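What follows is one structure encoded as structure tokens, with my remarks underneath.
Numbering (this note's numbering), first residue to last: -19 to 181.
So, in structure tokens, the structure goes:
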């Protein structure tokens, strides 16, 4: 089933236009909305098929989350260093397959410009492809995190497990009320923790 672009009342805007879905139950509609909102918090690197060069252009520009990408215009992307029309075409084609487009307006948490929303986005920047988080010194200061309390090991994998546990607890306690679509993302990282924890025992 096609992923909805965005939802207005009883309508879904998809890549092919507006479709009335008034017969859907409220629970079904909310499930779809939350699935889309959760997807927008994911890493582009994991969800959008891009060349290595295109992915590097986005990373260098600080564009890491799907929600960031879909809010950009074609013109903004073409102004990025080393970003060309082939890269733009690839992105547009992949987004269409997912029922998304460029130049979308996301006016819900965390994309609504609040301090809490910006903090959540900053945390989600710390996601690693494949699962887990890694807190760097620069980002730790922005999150008011004392790295001395977290840095209890020299093993990078164990450190990532500690960082992930810390940030998942923060996501659950601080943001889940405003973002009921976070559990899907949290569940994925908890599964990663379980796998990695078993691997280092």
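Heads up, the beta-carbon is just placed ideally off N, CA and C, and yes, glycines get one too. Small disclaimer: the values here were computed from a predicted structure and weren't measured.
Runs of alpha helix (DSSP H) wholly within the stretch 70 to 106 (minimum 4 residues, chain order): Here the runs fully enclosed are 95 to 104.
Reduced DSSP category for residue 32 - H, G, I as helix; E, B as strand; rest coil: helix
Proximal residues to residue 172 (C-beta, below 6 Å), its chain only, five neighbours per side dropped: 111, 112
Contact between the stretch 57 to 70 and the stretch 86 to 95 (3+ Cβ pairs under 8 Å): no
For residue 67 and residue 176, the rounded distance between their alpha carbons: A straight line joining the alpha-carbon of residue 176 with that of residue 67 spans about 34 Å.
Residue from 26, 102, 8, 108 with nearest C-alpha to residue 74: The candidate whose alpha carbon is nearest that of residue 74 is 26.
Any beta strand (DSSP E) of 3 or more consecutive residues that is wholly inside the stretch 40 to 68: Entirely contained in the stretch 40 to 68, not one beta strand (DSSP E) run reaches 3 residues.
8 Å contact criterion, which residue 54 and residue 82 should meet: CB distance rounded: Right, the Cβ-Cβ distance comes to about 6 Å (below 8 Å), so this counts as a contact.
Close Cβ partners of residue 104 (< 7 Å) along its chain, the five nearest in sequence each way excluded: 21, 45
Candidates 164, 135, 136, of which the one nearest residue 148 by Cα: Ranking 164, 135, 136 by Cα distance to residue 148 puts 164 first.
Sub-8 Å separation of residue 84 and residue 50 beta-carbons: yes
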